[in-house]
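First residue of the sequence shown: 1, per the UniProt record's numbering; consecutive thereafter.
In this text, a Cβ means the ideal position worked out from N, Cα and C, and glycines have one as well.
Step one of this worksheet: look at the structure below.
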Amino acid sequence: MAEPLPRLILFGDQDADTLSYIKGVILQSRNLPYAFRFLRDCADEVQALLSGLDAEERRRYSRFEDILELAVIHDELTEESLSNEAISIVLFFISQFGGLIVRAEQDPSLLSTSHTSSVYIIGLSFGLLPATAAATARDVGELLAIGKSLVAVIFRLGLQQTRKALEIESAPGSWATEVNNIAPGEVEAILSTFNNDMAIPKHRRMYIRTITNRGVVISGPPSLFSELYSYSPILASASKTQLPLKGLAHAPHIPPLDIDEILSTSSVFQFPVRAKVHVLSTSSSRPFEGQGLGSILAEALVDITQRMQILTGVSNYCVSEFQSDKTVELVTIGPQSRAGEA
């Protein structure tokens with residue numbers, strides 16, 4: 001029997017059409033019992049988690065019976081600038097994790113412990129959470145158990161990030177813009193002088209969130225982008241794409257969030273990482289060192305909240321690891337964003 005191909009699994013970033021993907025997962029789940037149960041369990045879990053929102057937000061989101069209804073309500077609230085970013089993050093996670101369960105039910109080899117070639121898993125930003133599950137679950141039953149625990153983790157993460165962002169600026173708008181065809185070092189220099197010359201307080205500073213092969217993603221309070229473009233003719237004239245991202249992520253200048261509170265405890269955190277499976281850090285471009293779900297989740301949360309994504313480094317690492325292989329099996333799961341492309 002031929003040796004199985006090395007496998008690269010990719011979970012994309014948040015700036016994608018979550019509602020459309022959730023609809024697709026729901027459609028597929030009708031014939032897939034684990035995916036169907038995951039979506040049902042998620043609806044129950046989110047209903048319970050809504051107590052973490054304030055009374056008005058609970059009222060807006062309380063009228064749903066299933067995940068599709070929640071996603072539609074959230075989409076409508078987003079159009080009215082009344083949505084909660086924590087719910088946006090939760091829905092994105094559900095779409096990705098639901099896609100992972102669908103794929104695992106259709107192809108059990110995805111989680112096989114007998115896969116003899118290396119598996120590398122990349123999760124962009126919040127995609128790191130389902131990436132850790134894909135590295136540790138040994139079958140779809142374990143995947144389902146992990147998913148239920150991670151819904152609560154992603155909700156607490158989203159809630160902490162959203163509250164931190166609102167403390168900095170409550171004005172609506174995007175917190176991220178992709179800037180192409182300018183070297184990261186040049187953008188970094190512009191942001192540094194802008195922050196210093198304009199006496200921007202440390203917690204409100206503009207910063208580079210992500211480096212890709214095309215350019216960078218700049219992040220910061222929405223109201224500062226127009227000031228930045230007035231300050232820098234180079235950035236003003238550059239090719240730019242505003243991303244539908246709110247709040248803080250990959251922000252080393254912000255005080256750390258409470259990772260222990262976000263994680264809490266769960267028996268699934270004891271699940272070991274499968275042999276020859278590696279989850280790549282998007283900051284160090286190397287595999288996380290943890291040997292169990294709980295430990296690599298903690299590393300992933302630090303990456304998401306505090307460390308710049310350097311996707312060029314991730315690309316280079318993968319090229320070096322696969323250079324002796326003529327063919328690699330690429331598996332993409334969940335919504336795939338444009339800005340997340342390395």
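Residue i to residue j, Cα distance in whole Å?
i      : j      : result
Leu10  : Asn196 : 38 Å
Thr78  : Thr327 : 42 Å
Gln161 : Ser174 : 15 Å
Pro4   : Lys240 : 41 Å
Ser29  : Arg40  : 10 Å
Ser109 : Ser192 : 48 Å
Phe322 : Asp258 : 37 Å
His166 : Pro172 : The question names His, yet the displayed sequence has Leu at residue 166. Roughly 10 Å separates the two Cα atoms.
Leu19  : Val102 : 17 Å
Ser284 : Lys246 : 24 Å
Thr305 : Gln47  : 25 Å
Phe36  : Phe225 : 42 Å
Pro221 : Phe271 : 38 Å
Gly334 : Tyr231 : 38 Å
Asn316 : Ser51  : 44 Å
Val179 : Ser114 : 43 Å
Tell me residue i's beta-bridge partners as DSSP assigns them.
i           : result
Ala176      : Ser219 and Leu243
residue 399 : What the structure shows of the chain is the stretch from 1 to 342, and residue 399 is not part of that stretch, so it cannot be assessed.
Gln309      : Thr210
Leu280      : Ile122 and Pro287
Just to confirm before moving on: does the CB-CB distance between residue i and residue j stay below 8 Å?
i      : j      : result
Leu143 : Leu111 : yes
Ala176 : Val119 : no
Cys42  : Ile67  : yes
Leu248 : Ala298 : no
Ala238 : Ile168 : no
Tyr61  : Leu53  : yes
Leu157 : Leu293 : no
Val140 : Tyr229 : no
Thr132 : Ile296 : yes
Leu150 : Glu105 : no
Ile94  : Ile190 : no
According to the neighbour-count rule (16 or more other Cβ atoms, all chains shown, within 10 Å of its Cβ), is residue i buried or exposed?
i      : result
Glu85  : buried
Glu56  : exposed
Ile234 : exposed
Glu45  : buried
Pro255 : exposed
Thr136 : buried
Leu82  : exposed
Is the closest heavy atom of the ligand NAD to the C-beta of residue i under 7 Å?
i      : result
Leu124 : As presented, the structure is devoid of all ligands, the ligand NAD included, so that no description of it is given.
Would the segment 125 to 136 count as touching the segment 71 to 88 if we require 3 or more Cβ pairs under 8 Å? Using a Cβ-Cβ distance cut-off of 8 Å, the segment 125 to 136 and the segment 71 to 88 are not in contact, since fewer than three pairs of beta carbons, one from each stretch, lie closer than that value.
Examine the Cβ distances between the segment 262 to 275 and the segment 96 to 105 and report whether three or more of them are shorter than 8 Å. At 8 Å Cβ cutoff, the stretches do not touch.
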